[in-house]
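Mapping to full-length UniProt numbering: the sequence shown position 56 is 56, numbers consecutive. Ideal placement from N, C-alpha and C gives every residue a C-beta, glycine not left out. Reviewing the structure listed below.
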Amino acid sequence: MAAAQQQQQQQQQQQQQPPGLSPEQTRVVLAEVIKAFGCPENAARLEEARDNACNDMGKMLQFVLPVATQIQQEVIKAYGFSSDGEGVLRFARIIKAYETQDPEIAAMSGKLRSLFLPPMTAPPHSSSISAS
């Protein structure tokens with residue numbers, strides 16, 4: 001019985017381990033994810049979520065991020081990632097690890113983010129800050 005429990009724990013740990021992707025594999029998966037965002041059905045889903053969010057960052061997290069996560073999940077599960085939010089987070093960690101080493105991955109990562117995150121603008125700097 002102890003051996004069965006140990007085997008079950010090992011299987012769970014293996015399922016929790018992110019698949020190891022080489023930089024080349026990461027580029028392939030990223031390209032497929034970006035392509036999936038361009039698919040008419042997914043583009044329509046994302047556009048509807050953006051419309052519901054009305055450029056409100058809180059609503060973007062509520063409406064847009066879940067749709068973007070689902071689109072990514074549909075692609076990355078074919079590469080051994082779990083088909084839940086944790087799988088997307090693990091994929092994001094792999095991308096982040098390669099971004100500093102591979103300019104192509106960095107560019108693709110930026111493109112992916114731009115597909116579902118609004119452009120971030122720095123707040124205006126005011127030279128006349130009064131101390132009250």
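Asked, Found
"Counted within 10 angstroms of its Cβ, other Cβ atoms place threonine 100 as buried (16 or more) or exposed", "exposed"
"Short Cβ contact (8 Å threshold) for valine 67 with leucine 46", "yes"
"Sequence-distant residues of the same chain with beta carbon closer than 6 Å to phenylalanine 91, five excluded per side", "Ile76 and Phe81"
"Any non-hydrogen atom of the ligand FAD closer than 7 Å to glutamate 32 Cβ", "Ligands are entirely absent from the displayed structure, and the ligand FAD is therefore not among its contents."
"Residue 163 classed as buried or exposed, judged by whether at least 16 other C-beta atoms fall within 10 angstroms", "As displayed, the chain neither begins before 1 nor continues past 132, which places residue 163 out of reach and without an answer."
"Alpha helix (DSSP H) segment containing tyrosine 98, residue limits", "85-99"
"CA-to-CA distance, valine 64 to phenylalanine 116, given in whole angstroms", "7 Å"
"As assigned by DSSP and simplified to three states, the class of glycine 80", "coil"
"Buried versus exposed call for serine 114 [16 or more other C-beta atoms within 10 Å across all chains shown]", "exposed"
"Contacting residues, own chain, Cβ-Cβ under 6 Å from methionine 108 (five flanking each side not counted)", "Leu30"
"Alanine 49, buried or exposed, once every other Cβ within 10 Å from all chains shown has been counted against 16", "buried"
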